[in-house]
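Read the structure below first, then the notes.
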Amino acid sequence: MAYTSKSITNDIRDIPQPVVTLNRATIVTGIVVGVAFQQPLFTTALFLILLFAVLFGPSTSVIYQVGIRVFAKQIPDAPREDRRLMRFNNSIAVILLGSAQVAFLTGNTIVGWVFALMVAVAATVALLGFCVGCFLYFQFKINRYKLFGR
Numbered sequence: 001m002a003y004t005s006k007s008i009t010n011d012i013r014d015i016p017q018p019v020v021t022l023n024r025a026t027i028v029t030g031i032v033v034g035v036a037f038q039q040p041l042f043t044t045a046l047f048l049i050l051l052f053a054v055l056f057g058p059s060t061s062v063i064y065q066v067g068i069r070v071f072a073k074q075i076p077d078a079p080r081e082d083r084r085l086m087r088f089n090n091s092i093a094v095i096l097l098g099s100a101q102v103a104f105l106t107g108n109t110i111v112g113w114v115f116a117l118m119v120a121v122a123a124t125v126a127l128l129g130f131c132v133g134c135f136l137y138f139q140f141k142i143n144r145y146k147l148f149g150r
């Protein structure tokens with residue numbers, strides 16, 4: 001069973017697909033530029049942007065704010081991705097980018113770039129149509145009942 005990045009909903013509170021795509025493209029671009037220039041500050045910026053989105057919701061995300069303005073004409077008719085799924089995916093990215101920050105601060109540069117590149121690979125694969133985070137989210141939802149009985 002293939003898991004695509006499109007968990008389509010009609011709920012207005014969910015995230016418009018163009019904004020989801022912008023989020024993923026920004027992550028990939030930021031990490032690739034960071035690796036190219038060997039500058040961890042790009043991953044730090046992404047970490048902070050995504051951290052605010054995870055903690056306080058999409059309205060606090062710079063990427064979200066730019067996306068709703070840039071894609072304003074497309075958003076009314078655009079499919080939407082479940083906001084819980086977006087938060088889950090961003091949470092994984094925050095954990096990995098946070099781990100990268102710790103690695104960079106402790107002088108383990110290679111480990112830091114490995115963590116950052118894991119996020120970039122997952123975002124790239126999601127842009128191509130298979131969402132690893134979505135797969136993990138749905139596996140967690142299915143197995144949660146087995147683990148916790150709810």
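Numbered per UniProt numbering, the sequence shown finishes at 150, counting up by one with no gaps.
Yeah, the Cβ is synthetic: ideal placement off N, Cα and C, and Gly gets one too.
CB of residue i within 7 Å of CB of residue j, strictly
i	j	result
A93	V119	yes
L51	G30	no
N90	A53	yes
F88	Y145	no
T21	L97	no
P16	R80	yes
Span separating the alpha-carbon of residue i from that of residue j
i	j	result
A72	L105	39 Å
A100	P18	27 Å
V121	F148	31 Å
F140	V111	27 Å
D14	I75	11 Å
V32	Q38	9 Å
L41	I95	16 Å
I49	N143	30 Å
A116	I12	32 Å
C131	L85	10 Å
C134	D77	23 Å
G107	V35	16 Å
P58	L128	23 Å
Backbone secondary structure at residue i - three-state DSSP
i	result
P18	helix
R144	helix
K6	Any reading at K6 must be qualified, since the residue scores a pLDDT of 46, below 50, and its modelled position is unreliable; the value itself is stated next. Residue state, collapsed to three classes: coil.
Any non-hydrogen atom of the ligand MG within 6 Å of residue i CB
i	result
Y145	As far as ligands go, the structure on display features none, and thus does not contain the ligand MG.
- [ ] Please determine if the segment 8 to 27 and the segment 56 to 72 are in contact, where contact requires at least 3 C-beta pairs separated by less than 8 Å.
- [x] Contact between the segment 8 to 27 and the segment 56 to 72 is present: 3 or more CB-CB pairs across the two stretches fall below 8 Å.
- [ ] For the UniProt domain "DUF4395" (15 to 141), list the alpha helix (DSSP H) runs that are entirely contained and at least 4 residues long, ordered along the chain.
- [x] For the UniProt domain "DUF4395" (15 to 141), the continuous alpha helix (DSSP H) assignments of 4+ residues that do not extend past its boundaries occur at 17 to 37, 41 to 56, 62 to 70, 83 to 105 and 109 to 127, in sequence order.
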